[in-house]
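Chemist:
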Amino acid sequence: MSKHSCFPKLARPCRWSSLGALLLGVILFSSADSCAREVRRTPLIIKDGGTPENPAVFDGNGMVIDLGEDISAAAWEVAGDIWTLRSLPEKRVPIIAGQYAALFVDEQPISVPRNLQAEAAQPDRKSRCYFTAEQLRPGQAGFSEGGALYFRWPEGKVPGKSRIILPPKEGVSAVSIACSHVIVRNITAKYASNDGFNIHGRWVGIVLEDIKALCNGDEGISAHDTVEMTVRRAEVAWNGSASGGIADVNQCVTSYEECVVHDNAGAAFHFSGKNHSVIRSHIYRQKRDFDVAKETMLGTSGIRWDRE
1381 MSKHSCFPKL ARPCRWSSLG ALLLGVILFS SADSCAREVR RTPLIIKDGG
1431 TPENPAVFDG NGMVIDLGED ISAAAWEVAG DIWTLRSLPE KRVPIIAGQY
1481 AALFVDEQPI SVPRNLQAEA AQPDRKSRCY FTAEQLRPGQ AGFSEGGALY
1531 FRWPEGKVPG KSRIILPPKE GVSAVSIACS HVIVRNITAK YASNDGFNIH
1581 GRWVGIVLED IKALCNGDEG ISAHDTVEMT VRRAEVAWNG SASGGIADVN
1631 QCVTSYEECV VHDNAGAAFH FSGKNHSVIR SHIYRQKRDF DVAKETMLGT
1681 SGIRWDRE
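In my numbering, the protein residues as written are 1381 to 1688.
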């Protein structure tokens, strides 16, 4: 692990494909891995599915979808551990409080807490009332009336040695799946403003395998509507959602097998869909393991939760 990346090496050798060549944004060469790793700077939308008998396969072969912008060298105003950026980069606007990460310091999400007392006095500004810079705790951010972004540095991070990463404009997911009967594997999704892997609709037969969802503004993985999905051997970490690193909602049916979930801002798993299962998975450095809505069905087996 280098000082420039919080992500572990791929567990398997990199492979090249003609599809990867078509989607190539930037190639990074790692002497440690002795291979080329594709890094894509734009979102990926998967629309071509197969059949129940012959599902389509999208193998990223180690592709990294990185939507973050390094703003460490921006015109920050420094007052102790409080840093302020008066002018946001193009297409960025203040985000709502209480749900997403505003930015990241290396891998760590910087949350935007809701100022409920201020909201009570201004009910027309729900989720748009922010704490002042002086009121913030380490690892929190806010916005001024004029649109400036400010944050208090998180504990354990050192200015000049850590990168400040800004996600793209609101609502952008790294990977969106819009088809049925597809297997998606070997992709790392990071620094999206919304979800790492986002699935909306009536799609069924979706399988995610050997994927990583790291450092996204909302959830790492999120299924909605009536999606039916299985996730195997995923790592979901450092995502900024107040709900969970994984959040499956509405009437979806999902299952997770042999996954590792850690260091997310919310719970490890948030379920408010129809039916969910988690088996043989490892949870650590999470304040909560499961957040389950009333009348949502959840089955678990073989869960290891290390609370420290």
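Built from N, CA and C at the ideal position, the CB exists for glycine as well.
How long is the line joining the alpha carbons of L1468 and L1483, rounded to whole angstroms?
Modeler: The residue you call residue 1468 lines up with position 88 of the sequence shown. The residue you call residue 1483 lines up with position 103 of the sequence shown. Going from the Cα of L1468 to the Cα of L1483 covers about 12 Å.
Chemist: For T1422, count neighbouring C-beta atoms within 10 Å of its own C-beta (all shown protein chains included) and say buried if the count is 16 or more, exposed if not.
Modeler: Position 42 of the sequence shown, counted from the first residue, corresponds to residue 1422. With fewer than 16 other Cβ atoms within 10 Å, it is exposed.
Chemist: Looking only at its chain, what residues have a beta carbon closer than 6 Å to the beta carbon of F1438, apart from the 5 residues adjacent to it on each side?
Modeler: Here the question's residue 1438 lines up with position 58 in the sequence shown. Same-chain partners within the cutoff: I1426, V1564.
Chemist: Around the C-beta of T1431, are 16 or more other C-beta atoms found within 10 angstroms, so that it is buried, or is it exposed?
Modeler: Within the sequence shown, residue 1431 is the residue found at index 51, counting from 1. Exposed: under 16 other Cβ atoms inside 10 Å.
Chemist: Sort S1507, T1606, S1556 by Cα distance to S1652 and report the nearest one.
Modeler: Looking up residue 1652 in the sequence shown gives position 272. Closest option to S1652, Cα to Cα, is T1606.
Chemist: Once the 5 residues before and after V1555 are set aside, which same chain residues still bring their CB inside 6 Å of it?
Modeler: Your numbering for residue 1555 matches position 175 in the sequence shown. The answer, listed in chain order, is L1424, A1569, F1577.
Chemist: With a threshold of 7 Å on Cβ separation, who are the neighbours of P1539 within its own chain once the five nearest residues in sequence on each side are excluded?
Modeler: As a working mapping, residue 1539 is identified with position 159 in the sequence shown. Once the five neighbours on either side are set aside, the close Cβ partners of P1539 are W1533.
Chemist: Could you please give the first and the last residue of the uninterrupted beta strand (DSSP E) stretch that includes L1588?
Modeler: Position 208 of the sequence shown, counting from 1, holds the residue named residue 1588. Unbroken beta strand (DSSP E) run through L1588: 1586 to 1589.
Chemist: Taking Cβ positions, are W1560 and G1429 nearer each other than 7 Å?
Modeler: Sequence index remark: in the sequence shown, residue 1560 carries index 180 (1-based). Sequence index remark: in the sequence shown, residue 1429 carries index 49 (1-based). Sequence check: residue 1560 is Ser here, not Trp. Against a cut-off of 7 Å, the Cβ pair of G1429 and S1560 comes out as a contact.
Chemist: Using a Cβ-Cβ cut-off of 7 Å (strictly less than) and excluding sequence neighbours within five positions of C1386, which residues of its own chain qualify?
Modeler: By 1-based counting over the sequence shown, the position of residue 1386 is 6. Caution applies to C1386, whose pLDDT of 36 falls short of 50 and renders its modelled position unreliable; the value that the coordinates give is listed next. So the qualifying residues of the chain are D1486, E1487.
Chemist: On the CB-based measure, 16 or more other CB atoms within 10 Å of its CB, does P1518 come out buried or exposed?
Modeler: Here residue 1518 corresponds to residue number 138 of the sequence shown, with the count starting at 1. So P1518 counts as exposed.
Chemist: Are three or more beta carbon pairs between the segment 1614 to 1626 and the segment 1640 to 1647 nearer than 8 Å?
Modeler: The segment 1614 to 1626, when compared against the segment 1640 to 1647, does touch it at the 8 Å Cβ threshold.
Chemist: Within the continuous beta strand (DSSP E) that includes A1501, where are the two ends?
Modeler: The residue given as residue 1501 occupies position 121 in the sequence shown. Element bounds for A1501: not the beta strand (DSSP E) but the alpha helix (DSSP H), 1496 to 1501.
Chemist: On the DSSP bridge assignment, give the partners of I1451 in chain order.
Modeler: Start at 1 with the first residue of the sequence shown, and residue 1451 comes out as number 71. I1451 pairs with nothing; no bridge assigned.
Chemist: To which residues does DSSP link H1656 through a beta bridge?
Modeler: In the sequence shown, the residue the question calls residue 1656 occupies position 276. T1634, L1678.
Chemist: For E1457 and S1524, what's the separation of their Cα atoms in angstroms?
Modeler: Translated into positions along the sequence shown, residue 1457 becomes position 77. Translated into positions along the sequence shown, residue 1524 becomes position 144. Roughly 14 Å between the two C-alpha positions.
Chemist: Below 7 Å between beta carbons: does that hold for S1621 and D1598?
Modeler: Translated into positions along the sequence shown, residue 1621 becomes position 241. Translated into positions along the sequence shown, residue 1598 becomes position 218. Closer than 7 Å, so yes.
Chemist: Can the beta-carbon of F1511 be found closer than 7 Å to that of G1527?
Modeler: Taking the first residue of the sequence shown as 1, we reach residue 1511 at position 131. Taking the first residue of the sequence shown as 1, we reach residue 1527 at position 147. No.
Chemist: Quick check on Q1697: does DSSP put it in helix, strand or coil?
Modeler: Nothing in the structure corresponds to residue 1697, since the chain is present only between 1381 and 1688.
Chemist: Taking all protein chains shown into account, do 16 or more other C-beta atoms lie within 10 angstroms of the C-beta of N1619, making it buried, or fewer, making it exposed?
Modeler: To locate residue 1619, count along the sequence shown from 1; it is residue 239. Buried, by the Cβ-count rule.
Chemist: Measure the beta-carbon distance from V1616 to I1601 and round it to whole angstroms, keeping in mind my assumption that it falls under 8 Å.
Modeler: Counting from 1 along the sequence shown, the entry for residue 1616 is found at position 236. Counting from 1 along the sequence shown, the entry for residue 1601 is found at position 221. The pair is a contact, with the Cβ atoms about 6 Å apart (cut-off 8 Å).
Chemist: Counting C-beta neighbours from all protein chains within 10 Å, is the total for K1506 16 or more, i.e. buried, or is it exposed?
Modeler: On the sequence shown, residue 1506 is found 126 positions in, with the first residue counted as 1. So K1506 ends up on the exposed side.
Chemist: Going by DSSP in three states, A1513 sits in which element: helix, strand or coil?
Modeler: Counting from 1 along the sequence shown, the entry for residue 1513 is found at position 133. Helix at A1513.
Chemist: Let me check one thing: in DSSP terms, what residues is S1556 bridge-paired to?
Modeler: Within the sequence shown, the letter at position 176 stands for residue 1556. DSSP lists I1425, N1578 as partners of S1556.
Chemist: Kindly list the residues whose CB is nearer than 7 Å to the CB of E1499, restricted to its own chain and excluding five residues on each side of it in sequence; keep chain order.
Modeler: Looking up residue 1499 in the sequence shown gives position 119. Taken in chain order, the residues that qualify are R1505, K1506, C1509.
Chemist: Suppose you measure from the CA of L1546 to the CA of I1451; what does that come to, to the nearest Å?
Modeler: Numbered from its first residue, the sequence shown carries residue 1546 at position 166. Numbered from its first residue, the sequence shown carries residue 1451 at position 71. One C-alpha to the other measures close to 7 Å.
Chemist: Ordered along the chain, which non-local residues of its own chain (more than five positions away) have a Cβ less than 6 Å from that of R1684?
Modeler: Residue mapping note: residue 1684 aligns to position 304 of the sequence shown, counting from 1. Excluding residues within five positions, the ones whose Cβ falls inside 6 Å are H1662.
Chemist: Measure the C-alpha to C-alpha separation of N1434 and W1463 and round it to an integer number of angstroms.
Modeler: Taking the sequence shown and counting its residues from 1, the one referred to as residue 1434 is at position 54. Taking the sequence shown and counting its residues from 1, the one referred to as residue 1463 is at position 83. One C-alpha to the other measures close to 53 Å.
Chemist: What is the residue span of the beta strand (DSSP E) that P1493 lies within?
Modeler: Taking the first residue of the sequence shown as 1, we reach residue 1493 at position 113. P1493 -> no beta strand (DSSP E), and no H or E assigned at all.
Chemist: Using the three-state DSSP reduction, which class does R1612 fall into: helix, strand or coil?
Modeler: Counted from its first residue, the sequence shown places residue 1612 at position 232. R1612: strand per DSSP, three-state reduction.
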